[in-house]
Amino acid sequence: MAVDPLTYNISDKVISIQDVALLEKINDLIGMVDLEKTTFNISPRQKEMLHGSMEDIKNGRLISDEELNREEQEWLNG
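Take the sequence shown: its letter number 77 is residue 76 in numbering that gives the first Met the number 0, and every next letter is one higher.
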């Protein structure tokens with residue numbers, strides 16, 4: 000399996016976990032990885048999205064957490 004689908008698959012599963020003890024163990028395991036020495040490979044699309052995000056920040060196109068939560072609730076409630 001390629002890294003991207005595996006990452007998304009793991010993320011989806013972790014998001015659905017409600018067991019705090021299990022989440023703590025997963026966090027401990029991930030914490031053992033030295034991110035400073037880890038190479039991250041990103042897809043061209045991910046790179047494009049990151050550049051777009053940096054441009055948004057440079058140009059002041061930001062939204063507060065509260066505003067984002069409000070918009071999300073409006074969207075979820077239809």
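The beta carbon of each residue, even a glycine, is placed where N, CA and C say it ideally should be.
Model, not experiment: these values are computed from the prediction.
Counting along the chain, no alpha helix (DSSP H) covers Gly-59, and no H or E run does either.
Only residues of its own chain outside the window of five on either side were considered, and among them Leu-61 have a CB closer than 8 Å to the CB of Asp-55, listed in chain order. Ile-16 and Leu-22 have their alpha carbons spaced roughly 7 Å apart.
The three-state reading of DSSP puts Ser-42 in coil, since its state is none of H, G, I, E or B. Collapsing the DSSP output to three states places Ile-16 in coil. Look at Asp-27 here: in three-state DSSP terms it is helix.
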